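Colleague:
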Amino acid sequence: MREYPHIHFLDNARGIVPPVARSKPGAPVVLEPGQSAHVAVRMSEGGRKESTETVKEFTVTLKANGGGTAVVKSPAPEGLSVNPQKWATGYWTTELRNGADDF
């Protein structure tokens with residue numbers, strides 16, 4: 233897996249959710265057949281007074297050989313709250329790492 237997933241929560245004009253530099257692994261993540269990769273995503277800070285917008289779906293683009301884009305629908309019927317000022321994504325990893333994936 234190269235880099236991090238390119239996530240678009242709202243319209244494409246807002247660009248992709250930016251990566252958190254400290255989550256970048258020291259070496260590229262290489263997966264064996266059947267192995268999983270994970271990534272942490274912050275959509276908002278979760279505060280009641282936070283200014284958020286609701287999304288019912290978002291897109292994820294994989295930057296890997298044969299990559300592709302998928303539309304992900306919200307598991308909650310009312311949608312997900314996102315804050316464009318606070319959203320962030322981590323780099324691909326095979327396991328969550330203390331510190332590097334806390335953001």
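Note that the working numbering has the sequence shown beginning at 233, numbered continuously upward. By construction, the Cβ of each residue, glycine as well, lies at the ideal position given by its N, Cα and C atoms. Small disclaimer: the values here were computed from a predicted structure and weren't measured.
#1: Less than 7 Å between C-beta atoms, sequence neighbours within five positions excluded: which residues of the same chain meet that for V303?
#2: If we ignore side chains and look at the alpha-carbon of each, how far apart do A259 and I239 end up?
#3: How is A253 classed by DSSP in three states: helix, strand or coil?
#4: Using beta-carbon positions only, say whether Y381 and S276 come within less than 8 Å of one another.
#5: First and last residue of the beta strand (DSSP E) that includes T284?
#6: Buried or exposed, going by whether 16 or more other CB atoms sit within 10 Å of the CB of L414?
#7: Classify V262: buried if its beta carbon has 16 or more other beta carbons within 10 angstroms, exposed otherwise.
#8: To the nearest angstrom, how far is it from the Cα of G300 to the Cα of P237?
#9: Measure the Cβ-Cβ separation of V287 and F335 and say whether it is below 8 Å.
Modeller: Concretely, from the data shown:
#1: Indexing the sequence shown from 1 puts residue 303 at position 71. The residues are E289, T291.
#2: Translated into the one-based positions of the sequence shown, residue 259 becomes position 27. Translated into the one-based positions of the sequence shown, residue 239 becomes position 7. A259 and I239: Cα-Cα distance of roughly 22 Å.
#3: In the sequence shown, counting from the first residue as 1, residue 253 sits at position 21. DSSP places A253 in helix when its eight states are reduced to three.
#4: As shown, the chain starts at 233 and ends at 335. That puts residue 381 outside it, with no answer to give.
#5: Position 52 of the sequence shown holds residue 284. Element bounds for T284: n/a, residue is neither H nor E.
#6: The structure shown does not extend to residue 414, since the chain spans only 233 to 335, so no value can be given for it.
#7: Locating residue 262 in the sequence shown gives position 30, counting from the first residue. Burial call: exposed.
#8: Locating residue 300 in the sequence shown gives position 68, where the first residue counts as 1. Locating residue 237 in the sequence shown gives position 5, where the first residue counts as 1. Answer to the nearest angstrom: the Cα atoms are 10 Å apart.
#9: One-based indexing of the sequence shown puts residue 287 at position 55. One-based indexing of the sequence shown puts residue 335 at position 103. No, the Cβ-Cβ distance between V287 and F335 is not below 8 Å.
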